[in-house]
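Counting from 157, one number per residue, gives the positions in the sequence shown under our numbering.
Here the structure is laid out as structure tokens; the discussion comes afterwards.
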Amino acid sequence: MKSKLLVGTGITVALVGGLFLQTLHSGGAFKTIEPHFAGSCTRVDGVVGAEDITIDPDTGIAYISAMDRRKLAATGEHDGGIYIYLPGTYEMPAKLVSDYEGPFHPHGISLWKAPANSGLYDRLFVVNHPPVTENSNAPGTQTSQIDIFDIYGLILRHVATVEAAEPISLNDVAAVGPNQFYASIDQGSTTGLGRTMEVYGRLARAGVLHGKDGETSKVLGDLIYANGVQTNADGNILYVAETTGKRLSSYRINAATGALDFLSDIEIDSGLDNIERDENGNLWLVSHPKTFDFLAHASDAENRSPSQVFVVQDQDGTFSATEIYLNDGNPISGASVAAPAGNHFLVGSVFEPFILDCTF
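Printed below as a string of structure tokens:
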């Protein structure tokens, strides 16, 4: 009996140990980081926590979604904002004026370009995380909604707030019309324990939300921490990046129903974050090659987290990924977006008090 107990205990310990090692390996704990980049980067101060950046292809203006998350965690108070910056000027980004009323904690953003001579304004779609109120049943300490703004010069005019029918955790958004979007659901669990299990157990509980004319529905599930979302230039293909899933996938958009039909995917051994698109249709992905280092950086700025940038081509459903940038946590730690503009690209991060303006 005693020998059987010892054998059972040994098997249990081995299984737990194996799972622990697998988790560490998946998180990049054993990776060797050898920084490289063929270009140069200039630090641009004046914006804290530039989690997402998107660039107007016509004007070249970069829209930056920013919030001081460390200050929010320390004090419980701090509103974020949308900033603008012109790549190559190296001047301090300027904060746009907005008529939005209420707490504004921006996350992922997407620019919708109005057709020429339509009489419509360009629109900015923003994932917003107002804090939870006493009567809210949202998970965690924050809610998730999509706020839509008309861009009127240097002013953002609030058009609509879109909330999901059920508590949900949104991360990024891709606009596909003046009142239509897709948003990534990074975690499907609604409890702290469930969310922890999703992250460390790489559970497939994330997905994608579709919104149209104020109504929403979940159109995709079984993803592993869905993060960046982006469309192709024609707006008929949606790309979804999974962070702990380490996968980039493409889906055909059904214009009539909003449904998504799987096309193809590619596995990339890194924690994928936001996606931007360049003038040639290539996808730019920032990632966290050592995700446990990013978690450590989130708790303490002195802990540096490596950052990686990939350029991905989609040739009729066949993906090819090229790494163009890798650092060891310096000069920027925990990068979350790389937005291309000609021979420049801007790198933003979740916590840092600056962005990088890089040329290559």
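Quick reminder that beta carbons are idealized off the backbone N, C-alpha and C, glycines included.
Looking only at Q471, D456, F450, E371, the smallest Cα-Cα distance to S420 is reached by Q471. Counting C-beta atoms within 10 angstroms of its own C-beta, H192 has fewer than 16 neighbours from the protein chains shown and is therefore classed as exposed.
Taken through DSSP and simplified to helix, strand or coil, A452 comes out as helix. Nearest in C-alpha terms to L416, of all of D429, Y395, I424, is Y395. Inter-residue distance for D484 and A272 is about 44 Å (C-alpha atoms, whole angstroms). Just so you know, the alpha carbons of T245 and D214 end up roughly 17 Å apart.
DSSP places Y356 in the helix class (H, G or I) of the three-state scheme. The shortest CA-to-CA distance from D429 to any of N438, D208, V200, D201 is the one to D208.
Per the Cβ contact rule, the stretch 322–332 is in contact with the stretch 276–286 (3 or more Cβ pairs under 8 Å).
Excluding five sequence positions before and after I217, the CB atoms of its chain that fall closer than 8 Å to its own CB belong to I211, I240, Y241, L242, given in chain order. Taking C-alpha positions only, A454 is separated from F507 by approximately 8 Å.
Taking all protein chains shown into account, L310 has fewer than 16 neighbouring C-beta atoms within 10 Å of its C-beta and is therefore exposed. Cβ atoms of G437 and N392 stay farther apart than 8 Å, at about 13 Å.
Between the C-alpha atoms of S340 and E190 there is a straight-line separation of about 31 Å. Annotation for T474: the continuous beta strand (DSSP E) segment containing it runs 474–482. Y241 is bridged by DSSP to A218. By the 16-neighbour rule on beta-carbons within 10 angstroms, S266 is buried.
Between the C-alpha atoms of G427 and A494 there is a straight-line separation of about 14 Å. Cβ atoms of Y481 and Q469 stay farther apart than 8 Å, at about 17 Å. A straight-line Cα-Cα distance of about 14 Å links L441 and P462. For T231, the enclosing alpha helix (DSSP H) stretches over residues 225–231.
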